[in-house]
Each structure stands twice: as structure tokens, then as C-alpha cells.
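Trainee: Heads up: the protein sequence lines correspond to chains A and B, in order. Residues in the first sequence are numbered from 7 upward in steps of one, following the numbering used here. Residues in the second sequence are numbered from 2 upward in steps of one, following the numbering used here. Note that CB positions come from ideal geometry on N, CA and C, so glycine has one too. First the structure, which I've put down as C-alpha cells, then a few questions once you've had a look.
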Amino acid sequence: MPVPSPSSSDPSQPLPDAAPRPCPRSPADLFWSFTWLALQGFGGVLAVVQRELVEKKRWMTNEEFLEDWAVAQIMPGPNVVNLSIMIGDRYFGLRGALAALAGMLTLPLLLVLALAVVYARFSAQPAVAGALRGMGAVAAGLIAGVGIKLFASIRNHPLGRALCALLAGLTIVAMAVLHWPLYWILPIIGGAACVLTWRRIAP
Amino acid sequence: MSAAEVNAATTVAAAAAPLLNLGPMDWLHLFLYYLSLSLLAVGGAIATAPDMHRYLVERNAWLTDPQFSASIAIAQAAPGPNVLFVALLGWNVGINAGGSGAAGWLLGTLGMALCMLGVMLPSSLLTWLATRWGHRNRERRAVRAFKQGMAPVVIGLLLATSWVLARAHGVPALDWPLWLLTAATMLLVWRTKLHLLWMLGAGALLGALGLV
Chain A
7 MPVPSPSSSD PSQPLPDAAP RPCPRSPADL FWSFTWLALQ GFGGVLAVVQ RELVEKKRWM
67 TNEEFLEDWA VAQIMPGPNV VNLSIMIGDR YFGLRGALAA LAGMLTLPLL LVLALAVVYA
127 RFSAQPAVAG ALRGMGAVAA GLIAGVGIKL FASIRNHPLG RALCALLAGL TIVAMAVLHW
187 PLYWILPIIG GAACVLTWRR IAP
Chain B
2 MSAAEVNAAT TVAAAAAPLL NLGPMDWLHL FLYYLSLSLL AVGGAIATAP DMHRYLVERN
62 AWLTDPQFSA SIAIAQAAPG PNVLFVALLG WNVGINAGGS GAAGWLLGTL GMALCMLGVM
122 LPSSLLTWLA TRWGHRNRER RAVRAFKQGM APVVIGLLLA TSWVLARAHG VPALDWPLWL
182 LTAATMLLVW RTKLHLLWML GAGALLGALG LV
């Protein structure tokens, strides 16, 4: 992980960088933090991870979050699960990775089982279907809001804002309009972005 | 049990799930299937759902179509990572094999454990090893270029995901309240510190009242 930029990227963060960076106290802290994250994550945990870990707990900056998320996305497996392994490992090694992973999965798994058991009884209720629809709309907005916020945070990016916006736009078109599979988008657009960045950060 | 029998049972009621007869080899195959799928799940487990449907529903008839769809819908609606739909698929295979009594719960737990372990183990191990390698080599120019260069692409993927989810709302002219709700949520997340659960609660309430 690169050294965080000297000036904190988010003006809404009053914390000076000189202050010691908050970090989880123990694997148990990691476990409960990720449990709490997962339990808030309706329709995807990503928005919650950014809100809790970057803005509330300040364990990482927006830039670090983006970098970790890129790796979590590239690796096979569920993104948020990969992210919890990566963050857990950074603080407490394998123990931390397992604690974060267990936190992300244990209680939500029990909850989803309980839901499945009662689902059949209430699935026909129009109010239940409506509530799910409303939550789905909110979930879409959550992800978009995080995307915009993260874009606002990359002003120190070596490629500059205009080029970043272009690359992000190309990705949106490739995925949402052209329906490219991810195994094309990542090597083609992602590869180009990495090569460009590699040239810009020449020592 | 043949697919035809399963389908016949399904039409009666989803609750009256067929009783499967699964031997140890079947459970082993289920585990191996998920092991092999794990490393293919680039871009999230949900991207491999079509293949799971092919294997579980079409090829082996271990699950019915409604069970498969409901498993995904419930996992999407529930909090937590979406990969939990894999656990529900395994659970339902066990329920189908054991019936609704204690045997069903036992086999359900077995199916759930096999599917989750299979789908999580290889990818998690690989991620863990890659993280360690990346962290040791974090000052390398190539590693930095990769992590920073991917940032705009990741942002694009997020916005595209949101778009794909929102598009399921339907026609903007007819379903504009849903689009409005999505747009309002986006603004709230971007500009305020309002807790995300309030927004989800409001969405659920508006939906339950039939307003969106």
C-alpha cells in the first residue's frame, strides 16, 4: 500500500494526518466491526464498508479503500469477502483475516437461513414485495453515491481527473451499454489504465 | 429422481419439495463442483449463478426452479454479502434430500457447509496469498501502477452496477418514483452523513405502503 498522500484527501475529514491512525484493537474488534458492517449491508455491503471503515472508523483513506477494492475485485471470489480478508490480514495476519471473514459471514448466514425458513409464509404479501422493491431502489442509489464520492476523492491521482473520468466513463459504457463481461473489461480498460499510470509514476 | 418428477412436484407446491436420495458421492460432487467454480467467480459469485442453475437445476435436478430463484432473491434482500445465496442453495439441496424434519435440517446444514466451503476456500486462499505478496512488494512501481491505475475503472464499475440495478426498476415514465428514490439516495449518500439504515428503512416503508 502506498504511503497516504500528505494532505488528507477528503476536506470533510478534520483529523490531521499527524494524529495516530485509528486501527482495530484486536481480532475480536475486527470480527464485530465486520459483523456490524455485514448486517447493515442490504443489497451489497460495499457502500457500508466505505462509510464505516473510511468515514467513521478512519482505518483507511478513500484512496486506500479504492486500491484495496481494485484488488478485491480482480481476485476471484466475492468482493466484500476478499476485502475483509485483505483488511483483516493487514492488522493481525491470518488471525485477522479469519476474524474479519468470520464476522462478515457468520451472523448474516444465520439471518439469511432464518429468512429462508419464514420466506414461504410471507412471500405472497404485496407489502413485503413492495418493501423489497423500495429497498432495491435505495441499494442502487447507495452504490451510485459511493461511486461519486470516491470519484471526488481521487484528485491526487497520477492520471489527473479528466483521464480518470474518461476511463470511468468507458468502463460504464462497456459494462452497462455494451454488456462486456468483466474478464474483458478488466484486462482491456483496466490494463490500459495501469499502463498509463505506470508511465506517469516513473521515478 | 428425474427432472420430470421434480417439475411435477414443483407445480403442486414449492413447499412440498421432492425427496432426493443423495449418496456420499453426490455430496462429494457438490463440494467439488463448488471448489471448481470458486476460482472462476471473478466479478462476484452472482456472476456464476447461471452456471449453478445449469448444474443444480438442469443437470442434477437437486433443486427446483422456484427454489433456485427464491434463494437468490432472499440473499439479495437480506443483509450481508450476496454470496450467501450459495449457502441457501446448499441448504435447499439438503432439505430436498432430508425432508422437512430433523434429517432435513441436518442435511441442510451439511449442504450449506459443503457449498460455502467449496466456493470460499480456493478464492479466499488465493486472495490472502496475493494480498501478502502485494503488501511485501507495495513499493514496486508495477504494484503501485496496478492499484492506482485500477481506481477509475473500479469507480466506473460501481456506477455501472448501480445503473444495472436501477434499470430493473422498469420504464422511467411509469416507474419514476423508484428512479426518484434511487436518485435521492445517491444525493443523500454523497452530500450527507445520514446513516444508511435510515435510507434503507425509508425505502422499505415507501415500498410497503405502495408509494414506490
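Roughly how many angstroms separate the alpha carbons of SER37(B) and LEU175(B), rounded to a whole number?
Mentor: As a working note, residue 37(B) is residue 36 in the second sequence. As a working note, residue 175(B) is residue 174 in the second sequence. Their Cα atoms are separated by approximately 43 Å.
Trainee: Does any residue of chain C have a CB that is nearer than 8 Å to the CB of HIS54(B)?
Mentor: The structure shown contains no chain C; the protein chains it does contain are A and B.
Trainee: Under 8 Å Cβ to Cβ from PHE128(A), same chain only, skipping five residues before and after it: list those, please.
Mentor: Along the first sequence, one-based indexing puts residue 128(A) at 122. VAL134.
Trainee: Between TYR97(A) and chain B, is there a C-beta pair that is closer than 8 Å?
Mentor: Your numbering for residue 97(A) matches position 91 in the first sequence. No, because no Cβ of chain B sits closer than 8 Å to the Cβ of TYR97(A).
Trainee: Around the C-beta of TRP199(B), are 16 or more other C-beta atoms found within 10 angstroms, so that it is buried, or is it exposed?
Mentor: As a working mapping, residue 199(B) is identified with position 198 in the second sequence. The residue in question, TRP199(B), is exposed, as its Cβ has fewer than 16 Cβ neighbours within 10 Å.
Trainee: Cα-Cα, which of VAL77(A), GLY83(A) and SER90(A) is closest to GLU58(A)?
Mentor: Mapped onto the first sequence, residue 58(A) falls at position 52. The option with the nearest alpha carbon to GLU58(A) is SER90(A).
Trainee: Please determine if the region 170–183 of chain A and the region 147–165 of chain B are in contact, where contact requires at least 3 C-beta pairs separated by less than 8 Å.
Mentor: The region 170–183 of chain A is in contact with the region 147–165 of chain B.
Trainee: From which residue to which residue does the alpha helix (DSSP H) around MET117(B) run?
Mentor: Along the second sequence, read from residue 1 onward, the residue named residue 117(B) stands at position 116. Looking at the DSSP string, the run of the alpha helix (DSSP H) that includes MET117(B) is 103–137.
Trainee: What does PHE157(A) reach in chain B if we use C-beta pairs closer than 7 Å?
Mentor: Within the first sequence, numbered from 1, the residue matching residue 157(A) stands at position 151. Simply ILE156.
Trainee: Let me see if you follow: with CB-CB separation under 8 Å, is ALA145(A) close to chain B or not?
Mentor: Here residue 145(A) corresponds to residue number 139 of the first sequence, with the count starting at 1. Yes - at least one Cβ of chain B is within 8 Å of the one on ALA145(A).
Trainee: Looking at chain A, is there any beta carbon in it that lies within less than 8 Å of the beta carbon of GLY211(B)?
Mentor: Taking the second sequence and counting its residues from 1, one reaches residue 211(B) at position 210. Taking Cβ atoms only, chain A reaches closer than 8 Å to GLY211(B), which makes this a yes.
Trainee: With DSSP as the reference, please indicate the residues paired to PHE71(A) in a beta bridge.
Mentor: The count along the first sequence starts at 1 and reaches residue 71(A) at position 65. In DSSP, PHE71(A) forms no bridge with anything.
Trainee: Roughly how many angstroms separate the alpha carbons of GLY102(A) and PRO51(B), rounded to a whole number?
Mentor: Taking the first residue of the first sequence as 1, we reach residue 102(A) at position 96. Taking the first residue of the second sequence as 1, we reach residue 51(B) at position 50. Approximately 33 Å between the Cα atoms of the pair.
Trainee: LEU45(A) and LEU113(A) - do their beta-carbons sit closer together than 8 Å?
Mentor: In the first sequence, counting from the first residue as 1, residue 113(A) sits at position 107. In the first sequence, counting from the first residue as 1, residue 45(A) sits at position 39. Against a cut-off of 8 Å, the Cβ pair of LEU45(A) and LEU113(A) comes out as a contact.
Trainee: Run through the DSSP bridge pairs and tell me what PRO80(B) is partnered with.
Mentor: Locating residue 80(B) in the second sequence gives position 79, where the first residue counts as 1. DSSP lists PHE48(A) as partners of PRO80(B).
Trainee: Could you give the distance in angstroms between the alpha-carbon of PHE86(B) and the alpha-carbon of PRO187(A)?
Mentor: In the second sequence, residue 86(B) corresponds to position 85, counting from 1. In the first sequence, residue 187(A) corresponds to position 181, counting from 1. Approximately 21 Å between the Cα atoms of the pair.
Trainee: Looking at chain B, which residues of the region 73–87 of chain A have a Cβ within less than 9 Å of any of its Cβ atoms?
Mentor: Under the 9 Å Cβ criterion, the region 73–87 of chain A contributes GLU73, ASP74, TRP75, ALA76, VAL77, ALA78, GLN79, ILE80, MET81, PRO82, GLY83, PRO84, ASN85, VAL86 and VAL87.
Trainee: In its own chain, which residues sit with a C-beta less than 6 Å from the C-beta of LEU31(B), not counting the 5 before and 5 after it?
Mentor: In the second sequence, the residue the question calls residue 31(B) occupies position 30. These residues qualify, in order along the chain: LEU115.
Trainee: Which term fits LEU107(B), buried or exposed, when burial requires 16 or more other beta carbons within 10 angstroms of its beta carbon?
Mentor: For this step, residue 107(B) is matched to residue 106 along the second sequence. Exposed, by the Cβ-count rule.
Trainee: Among TYR56(B), LYS148(B), LEU111(B) and LEU130(B), which one has its Cα closest to the Cα of VAL25(B)?
Mentor: Indexing the second sequence from 1 puts residue 25(B) at position 24. Per the sequence shown, the amino acid found at residue 25(B) is Pro instead of Val. Comparing Cα positions, the closest option is LEU111(B).
Trainee: What three-state label does DSSP hand PRO84(A) in the structure shown?
Mentor: Here residue 84(A) corresponds to residue number 78 of the first sequence, with the count starting at 1. Coil, per DSSP.
Trainee: Strictly below 7 Å CB to CB, what residues from chain A border TRP129(B)?
Mentor: Along the second sequence, read from residue 1 onward, the residue named residue 129(B) stands at position 128. Chain A residues near TRP129(B): ILE91, ASP95 and ALA103.
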